[in-house]
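Chemist:
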Amino acid sequence: VLKFQAGINVKTMDLILARVEIQTLKPKETVNLVKKCPYMLNAFRLSGATNFSILVVSNKLTHLDEIVNNHFRKNSNVSNVYMDVITDVTNDLVLPFDFNFDNCGLNSKKQGCRKCFT
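So, in structure tokens, the structure goes:
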């Protein structure tokens, strides 16, 4: 089935994109986090040394580090965390993207969980 998707072209966007690989004991919590966090574009369930690959975006590398540190490295259910910054994309890749970073679904007021910032 052919579908069309509106979003941002990762190849041409003026943001930093990273791939975060994690091994977690609570995969459902990770799925819930990715669905609600505006900085996390998508997650892929994996077999192997890690069980998730997550695409994370921000305009600053330090902010990407804060997101990874506060949501994954400080999480006792996550045993391995690796982050790679994606430096180039070969083909156009359009991903759905919510530019309203304040619209965080991780709290009841949707004002941001503030865990992404130290």
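Under the working numbering, read the sequence shown as residues 2 to 119, first letter to last. Glycine included, each C-beta is placed from N, C-alpha and C at the ideal position. Keep in mind that this is a model prediction, so the values were computed, not measured.
1) Counting along the chain, where does the alpha helix (DSSP H) carrying L65 start and finish?
2) Please check the pair R20 and L56, which I expect to be a contact at CB under 8 Å, by giving their CB distance rounded to whole angstroms.
3) Which of the three DSSP states, helix, strand or coil, is assigned to A7?
4) So, under 8 Å CB-CB, V82 and F73 are touching, yes? Tell me the CB distance rounded to an integer number of Å.
5) Check for me: the alpha helix (DSSP H) holding N33 runs from which residue to which?
6) On a CA-only basis, which of K29, T25, P97 is nearest G49? Give me that one, please.
7) Taking just the CA atoms, how far does N60 sit from V2?
8) So, L94 versus L42, is the Cβ gap smaller than 8 Å?
Modeler: In brief:
1) Your numbering for residue 65 matches position 64 in the sequence shown. L65 -> alpha helix (DSSP H) spans 62-69.
2) To locate residue 20, count along the sequence shown from 1; it is residue 19. To locate residue 56, count along the sequence shown from 1; it is residue 55. Yes, they are in contact, since the Cβ atoms of R20 and L56 sit about 6 Å apart, within 8 Å.
3) Position 6 of the sequence shown, counting from 1, holds the residue named residue 7. Note: A7 maps to coil in three-state DSSP.
4) Within the sequence shown, numbered from 1, the residue matching residue 82 stands at position 81. Within the sequence shown, numbered from 1, the residue matching residue 73 stands at position 72. So it is a contact: roughly 5 Å between Cβ atoms.
5) As a position in the sequence shown, residue 33 is number 32, starting the count at 1. Taken as a continuous stretch (DSSP letters only), the alpha helix (DSSP H) holding N33 covers 28-37.
6) Translated into positions along the sequence shown, residue 49 becomes position 48. It is T25 whose Cα lies nearest to the Cα of G49.
7) Stepping through the sequence shown from its first residue, residue 2 is reached at position 1. Stepping through the sequence shown from its first residue, residue 60 is reached at position 59. Those two C-alpha atoms are separated by around 34 Å.
8) Position 93 of the sequence shown holds residue 94. Position 41 of the sequence shown holds residue 42. Not closer than 8 Å, so no.
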